[in-house]
Amino acid sequence: MPWLGGAGAQGTGLRRTLQQSEWAGPATGGVAAILLLYLPFLGVPFEYDDKVEIITNAVLLEPGNLQEMVRYNPFRLLLLISFGWDLWLWKLQPEGYRALNIAIHATNTVLIAQILGQFSRRRGLPQPKLFVAAGALPFAVHPLAIESVTYISGRSSSLATLFVLLSLVLYGRSAELLSRTDATGQWLQEHSRAHSRWVALLLSTVAVGGLPAAALVGAGRMTSTSAVSFVIAITGCIGLFHLIRSGHARRTLAENKPNEDAAHLGRRVQRLYIAAFVAFVLGCLTKETAATLPAVLLLAEATFWKKSWRTTLTTLTGRLLPFFAVPVLLLLLRAAAYGYLASPQFIRPWSVNLLTQVEVVAHYLRLWVIPWPQSIYHEYPMVPLPGRFETWLIAGLLLTLVILAARIRARSPALCFGILAAAVTLLPTSSVFALKETMAEHRTYLPTLGFGFVMAWLVGSVLLERLGHRKAWAVLAAVCVGWSVLHVRYDLLWRNEETLWRHAVAANPQASDAWRYLGDNYHSQGRLAEARHALTQAVRTRPSNVEALSTLGIVYAKSGDLDRAQLLFNQSLMQANCYTPALNNLAFAHRKREDTERAVELFLQSLECDPNNYLAHRGLADIYYESREDWRRASHHYEAALRVVHPLNGDVPLLKRRLLEVTF
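Residue numbers for the sequence shown follow my numbering, beginning at 156 and rising by one.
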């Protein structure tokens with residue numbers, strides 16, 4: 156059976172290729188290290204946002220319910236789909252969720268090894284395996300990755316990074332083919348430019364149809380399904396028209412090919428380019444930070460294939476044009492649909508956020524080198540205008556570092572790419588766009604690509620030249636072992652939610668929300684005295700913490716001090732008069748005092764703030780039900796409560812029973 160021999164020959168060829176490649180060995184070592192470090196923590200319980208984004212998220216109950224997922228968050232659709240299938244497959248068993256996170260991290264390590272291998276081949280480095288290992292192994296074992304792997308909700312960062320890295324690998328392979336300088340190479344470049352213009356035209360047609368459709372969806376005048384159909388129709392019509400008009404130009408280009416091999420290479424370049432572009436779009440549908448890929452590709456063009464920054468910029472009107480068009484289009488669609496770019500609510504002034512992020516970036520740099528102490532919640536304090544002396548000093552040093560990195564492109568391309576790639580991938584979360592948390596470790600996951608290149612340059616070039624081959628490997632091994640020890644020490648904290656939050660407040664005693672989450676944990680266990688202490692600390696460190704004030708009020712109410720509880724609920728409402736948990740809690744307190752009229756007023760006020768407020772509907776329904784005076788209203792609010800409550804909520808059977816009672 157000759158085909159068996161053929162398969163064996165192909166398998167032998169593949170094994171030989173892997174053995175000879177620069178990246179296969181380091182990638183295998185990285186994957187093995189990942190399994191050793193993460194598998195012992197497979198059963199770590201759901202933590203922090205997992206409970207909101209996964210466990211109680213009704214959108215995930217049907218993994219194929221794309222319309223609800225789009226309505227919930229269209230810019231993280233792929234992430235929601237992955238969580239939906241996890242919930243369907245594994246229910247509330249965290250092992251399955253985390254196994255996928257580990258597989259994603261292992262895949263990312265392999266992809267980074269391939270990118271480093273592409274660079275080492277292109278540059279003809281003397282010790283390519285050392286160079287690849289020095290970049291891939293730190294990425295695999297670094298403790299900062301814990302918040303994107305062990306922490307299930309951190310998948311947003313790791314999955315988006317997977318698509319970014321995959322796109323970079325595929326784009327690199329196509330660029331390698333286009334780097335030929337003969338007649339075939341020139342024809343391939345012209346073929347590539349024509350193809351890029353075609354993709355850019357399709358994107359422009361999406362913008363023509365998508366922007367008005369997004370505005371209509373945002374105004375409630377069009378459903379998301381109708382909007383998608385409208386955009387597809389517009390794009391199809393314009394695309395078909397251009398395809399017909401450009402037929403002559405395409406035929407002329409095909410006739411001018413220098414040889415038959417060029418046509419084959421052209422199709423291969425086209426497939427790689429399309430695959431890279433699709434991977435990029437999938438990344439943008441996972442997390443917004445994937446939109447930084449075009450800038451990373453531009454840096455790769457400058458350090459991998461081009462001879463100068465000037466020649467690199469020519470790709471902006473060529474094969475990189477569609478990539479840069481995507482983030483612009485997404486920003487326009489977001490603004491048209493929602494009326495904002497970053498957050499629907501004001502968080503902090505952009506100037507204050509920028510000054511704060513200058514210091515936060517410095518802390519990220521420190522944690523890359525010495526990952527201790529780590530925390531699930533840093534809550535870095537805001538830097539008020541005009542900033543501190545150290546703020547401006549750090550800003551000056553960071554700006555100098557970026558300028559120097561750009562200037563050493565020809566002499567140290569790996570260092571140049573590493574520094575600038577880390578900078579551009581940190582920009583969305585560490586610049587003018589204010590996010591609720593000033594600092595979060597999972598935001599360093601994609602930028603660790605840049606840190607990996609810096610490590611590869613340091614070990615694979617500097618230490619190799621000064622210490623020699625064996626000592627450079629020894630230094631790399633020592634660093635990775637040290638990081639692995641810190642990795643295990645921090646991962647052990649994730650096995651217990653109380654321990655994790657106690658560590659967070661010990662690492663940063665001024666983190667008000669860390670104290671609040673610790674108090675929530677004690678409260679859920681019925682340890683009211685400890686909950687009261689932790690929540691009091693949360694209020695003391697930030698008196699405007701409305702969540703802590705409201706939860707502390709609940710603790711006092713359960714302890715029998717209803718007067719203090721109502722005072723705290725009112726203090727919470729003084730900070731945010733539409734904070735529905737405080738309104739509901741205050742209503743329940745008045746109801747407990749048999750002040751039904753005031754309770755009804757507060758529940759109705761809560762519904763004005765949030766019409767889909769389950770507790771307000773439930774509170775009103777119970778009042779009308781128990782008074783036996785207005786079962787029509789009781790029926791209305793029980794129906795509304797059933798519409799908005801999570802289907803797996805334990806109250807559902809009681810709600811249905813009472814609804815039947817008041818209806819019939």
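Just so you know, even glycine gets a beta-carbon here, dropped at the ideal spot from N, CA and C. This structure is a prediction, so every number in the text was calculated from the model and none was measured.
> Three-state secondary structure (DSSP) at E208?
Replying inline: E208 falls in the helix class under three-state DSSP.
> How about S506 and A659: are their beta carbons less than 7 Å apart?
Replying inline: The Cβ-Cβ distance between S506 and A659 does not fall below 7 Å.
> Does DSSP put V755 in a helix, a strand or coil?
Replying inline: Judged by DSSP in its simplified three-state form, V755 adopts helix.
> Apart from the five residues on each side of it in sequence, which residues of its chain come closer than 6 Å, Cβ to Cβ, to E250?
Replying inline: Correct list, in chain order: L197, G198.
> Based on Cα-Cα distance, which residue from Y532, H297, F479 lies nearest to A662?
Replying inline: Cα-wise, what sits closest to A662 is Y532.
> What do you reckon, are the CB atoms on V424 and S347 nearer than 7 Å?
Replying inline: Taking the C-beta atoms as reference points, S347 is found nearer than 7 Å to V424.
> Cβ of E734 within 7 Å of Cβ of V755?
Replying inline: According to the sequence shown, residue 734 is Tyr rather than Glu. No, these two residues do not count as a Cβ contact at 7 Å.
> So, V694 versus L704, is the Cβ gap smaller than 7 Å?
Replying inline: Note that the C-beta distance between V694 and L704 is below 7 Å.
> Grouping DSSP H, G and I as helix and E and B as strand, with all else coil, what is D718?
Replying inline: D718: helix per DSSP, three-state reduction.
>> Mapping the DSSP letters down to three states, classify I563 as helix, strand or coil.
In response: Coil at I563, not helix or strand.
> Hey, how far is the Cα of H403 from the Cα of G473?
Replying inline: Confidence at H403 is low in this model, with a pLDDT of 48, below 50, so the placement of that residue is unreliable and no value is reported for it.
>> For the stretch 281-291 against the stretch 599-616, do three or more pairs of beta-carbon atoms, one drawn from each stretch, fall closer than 8 Å, so that the two count as touching?
In response: With the cut-off at 8 Å, the stretch 281-291 and the stretch 599-616 touch.
>> Using C-beta distances below 6 Å, list every residue in its chain close to A450, excluding the 5 sequence neighbours before and after it, in chain order.
In response: The beta carbon of A450 sits closer than 6 Å to the beta carbons of V579 from its chain, once the five residues preceding and following it are set aside; these are given in chain order.
> With burial defined as no fewer than 16 other Cβ atoms inside 10 Å of the residue's Cβ, what is the status of T603: buried or exposed?
Replying inline: With 16 or more Cβ atoms within 10 Å of its Cβ, T603 is classed as buried.
> Looking at C-alpha atoms only, which residue of A497, T696, G605, A455 is the closest neighbour of A669?
Replying inline: Per the Cα distances, T696.
> When DSSP labels each residue in this structure, what does Y793 get in the three-state scheme?
Replying inline: DSSP places Y793 in helix when its eight states are reduced to three.
>> For T822, report the span of its alpha helix (DSSP H) as first-last.
In response: Residue 822 lies beyond the stretch modelled for the chain, which goes from 156 to 819, so this question has no answer here.
> Does the Cβ of C392 have 16 or more other Cβ atoms within 10 Å, making it buried, or fewer, making it exposed?
Replying inline: C392 is classed as exposed because its beta carbon has fewer than 16 other beta carbons within 10 Å across all chains shown.
> Which residues in the same chain as I549 place their Cβ atom closer than 7 Å to its Cβ, once the five residues preceding and following it in sequence are excluded?
Replying inline: The beta carbon of I549 lies closer than 7 Å to those of V513, E514, A517 in the same chain, with the five residues before and after it left out.
> Tell me which same chain residues have a C-beta within less than 7 Å of the C-beta of V710, skipping the five on either side of it?
Replying inline: H678, L683, A686, R687, L690.
>> So for H678, helix, strand or coil by DSSP?
In response: The answer is helix: DSSP assigns H678 an H, G or I state.
>> Tell me the DSSP secondary structure of H403 in three-state form.
In response: A caution first: H403 carries a pLDDT of 48, below 50, which makes its placement in the model unreliable, though a value can still be read off. Per DSSP, reduced to three states, the secondary structure at H403 is helical.
> Per the contact definition of three or more C-beta pairs closer than 8 Å, is the stretch 304-313 in contact with the stretch 594-601?
Replying inline: Between the stretch 594-601 and the stretch 304-313, the count of C-beta pairs closer than 8 Å reaches three or more; the two stretches touch.
> Would you say the stretch 246-266 touches the stretch 182-189, given that touching needs at least three Cβ pairs under 8 Å?
Replying inline: Yes: the two stretches touch, three or more of their Cβ pairs being nearer than 8 Å.
> Could you give the distance in angstroms between the alpha-carbon of A388 and the alpha-carbon of Y769?
Replying inline: In this structure, the alpha-carbon of A388 lies about 39 Å from that of Y769.
> Between the beta-carbon of L673 and the beta-carbon of W649, is there less than 7 Å?
Replying inline: 7 Å or more divides the Cβ of L673 from the Cβ of W649.
> Does DSSP put Q344 in a helix, a strand or coil?
Replying inline: The answer is helix: DSSP assigns Q344 an H, G or I state.
> Quick one, which of G615, P664, L581, A374 has its alpha-carbon nearest A491's?
Replying inline: Nearest Cα to A491 within the set G615, P664, L581, A374: A374.
> When burial is assigned at 16 or more other CB atoms within 10 Å of the CB, is G637 buried or exposed?
Replying inline: Flag for G637 reads exposed.
>> With a threshold of 7 Å between beta-carbons, can T691 be considered close to chain B, or not?
In response: Reference to chain B is not applicable here, since this structure consists of a single protein chain.
>> Please report the straight-line C-alpha distance between A446 and G438, rounded to a whole angstrom.
In response: Answer to the nearest angstrom: the Cα atoms are 8 Å apart.
> Using the beta-carbon count (16 or more within 10 Å), is V324 buried or exposed?
Replying inline: Buried is the label assigned to V324, since at least 16 other Cβ atoms lie within 10 Å of its Cβ.
> By the 10 Å Cβ neighbour count, where 16 or more other Cβ atoms means buried, how is L809 classified, buried or exposed?
Replying inline: So L809 ends up on the exposed side.
> Mind checking R231: buried by the 16 CB within 10 Å criterion, or exposed?
Replying inline: Its Cβ being crowded by 16 or more others within 10 Å, R231 is buried.
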